[in-house]
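Protein chains in written order, with our numbering: chain L, 1380 to 1563; chain C, 278 to 454.
The next block holds one structure in the form of structure tokens; read it before the comments.
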Amino acid sequence: MKELWQLFITFLKIGTLTFGGGYAMIPAIRRETVTKRGWTDEEGITDCIAVSQSLPGAFAVNVAIFIGKQVKGIPGAAVACFSLVFPAYLTILIILMFLGTVEDNVYITGAFEGIKAASVALILVTTVQLGRGILKTKTAWVIAVISFIAIVLLSANAIYAILAGGLIGYFQYQYGKRKEVGDR
Amino acid sequence: MTLIRLLLLFFRIGLFSFGGGYAMLPLIYQGANELTGMTTEEFSRLVALSQVTPGPVAINAATYVGYQYAGIPGATAATVGVVLPSVLLVFIVSLFLVKFRESEAMKAVLSGIRPATVGLLLSAVVFLAQGSILTGMQLNLLPVVFFLVVLLIAGKFNGDPILLTVVAGVAGALVIR
């Protein structure tokens, strides 16, 4: 019960206080689930990002379900998903029913510009911190650089970058095995 | 019937859109246009609103279209519909991952996927910087200041992302407008 309550509070907080969705939610999700709650580790959250990106649907929703399931099975996934989604749903309803146009309000657009600039910095910091733990070999660096270049300069779909990384990892492992046998 | 149609439409959108939020918008536009005859002007309002409101863009968009079409029940049906494929697919994949996580081959695959994900995150930084701290090749002064301050606080002093987001929002409302 305690874990379900913690999942509820954590994802409600993330769902209410992060804007723009997707990657903008990653720094908060990592901070709340890895650093504060210890539900998963740096590798676990990276795997979760990769899986969530490779599956269809809203990215942050996939992440919430993935972590909720890991913490407390099916009820955990249901609670995490609901509490992440509910603030987004409720805000839109309130605006449509009672407020009318808020998106042209100068204070709102100003707030949004500030938040956007902050999330660029937050995601950059998250990337560097995760990278420190993960980019420990030359191959890892090569994969990261290729994936970055493919996505940014060649506009490759992120799924292909993830698949390619997985294939390189697998072939390296097979090659290593064969080499071991050959050395014997 | 209306609600089932909405649910199925958004289930389809949730199932066939890869790449999350923004990648779902074209499909959501098609669906909304089909159902409610939503115009491009109204759709751009939807997009703007989804960005400035909390939570995933796809959820905001589903709630919006559902409400316009069939009130609160419609908003609920569309939101449930867009989330449902995620629930099913994440379950299947996480069962698979738990089962094979300890296998050597899976570890090797993950050891390649993790660095690719780091590259992917860095590319998200580049994309998000465009239109925020950068317009084309030109730096936008105030957003750059926000960026640098948050970078310093988060990077050097390990500042809380949620707290920094809220503070940046309040400061932005006061300064950037």
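All residues carry an ideal CB built from backbone N, CA and C; glycine is no exception.
As the structure is a computational prediction, the values presented were derived from the model and not from experiment.
- Apart from the 5 residues on each side of it in sequence, L:Ala1540 sits with its Cβ closer than 7 angstroms to the Cβ of Ser1526, Ala1529, Ile1530 in its chain, given in chain order.
- Residue pairing by DSSP leaves L:Phe1465 without any beta bridge partner.
- Chain C has a Cβ within less than 7 angstroms of the Cβ of L:Arg1410.
- Just so you know, the alpha carbons of C:Leu304 and L:Gly1436 end up roughly 12 angstroms apart.
- Assignment of C:Thr313 by DSSP, reduced to helix, strand and coil, places it in the helix class.
- Within chain L, the residues placing a beta-carbon under 8 angstroms from that of C:Phe293 are Pro1435, ordered along the chain.
- DSSP places C:Gly358 inside the alpha helix (DSSP H), whose first and last residues are 334-377.
- For C:Pro303, the closest Cβ of chain L is not nearer than 7 angstroms.
- Interface with chain L (7 angstroms Cβ-Cβ cutoff): C:Val329 is included.
- At least one CB atom of chain C sits nearer than 7 angstroms to the CB of L:Val1499.
- The C-beta of L:Tyr1539 comes no closer than 7 angstroms to any C-beta of chain C.
- When only Cα atoms are considered, C:Ala354 and C:Tyr306 end up about 17 angstroms apart.
- Membership of L:Met1404 in any alpha helix (DSSP H) is not indicated, and neither H nor E is assigned to it by DSSP.
- Taking CB atoms only, C:Asn337 has a neighbour in chain L less than 7 angstroms away.
- The Cβ atoms of C:Phe424 and L:Val1481 lie no closer than 7 angstroms to each other.
- Of L:Pro1466, L:Phe1445, L:Val1521, the smallest CA-CA separation from L:Ala1457 is found for L:Phe1445.
- For the region 412-429 of chain C, the beta-carbon criterion of a distance under 9 angstroms to any beta-carbon of chain L is satisfied by Asn417, Leu419, Pro420, Val421, Val422, Phe423, Phe424, Leu425, Val426, Val427, Leu428, Leu429.
- Here DSSP, grouped into helix, strand and coil, assigns L:Thr1516 to coil.
- For L:Ala1439, the chain C residues whose Cβ falls inside 7 angstroms of its Cβ are Pro333, in order along the chain.
- Comparing alpha carbon positions, the residue from C:Val329, C:Gln345, C:Gly389, C:Phe373 closest to L:Val1485 is C:Val329.
- Interface residue (Cβ-Cβ distance to chain C less than 7 angstroms): L:Ser1526 is classified as such.
- The region 1398-1414 of chain L makes contact with the region 1502-1521 of chain L, as at least three CB pairs between them are under 8 angstroms.
- For a Cβ distance threshold of 9 angstroms, nothing in chain C lies close to L:Pro1454: the least Cβ distance comes to about 13 angstroms.
- Using a CB distance cut-off of 7 angstroms, L:Lys1517 does not count as an interface residue toward chain C.
- Taking L:Ala1459 as the centre and dropping the five residues before and after it, the same chain places the C-beta of Leu1386, Phe1390, Ala1443, Ile1444, Ile1446, Gly1447 closer than 7 angstroms to its C-beta, in chain order.
- Listed along chain C is no residue with a C-beta nearer than 7 angstroms to that of L:Gly1417; the closest approach is about 16 angstroms.
- The criterion of a C-beta distance shorter than 7 angstroms is satisfied by C:Leu441 and C:Val427.
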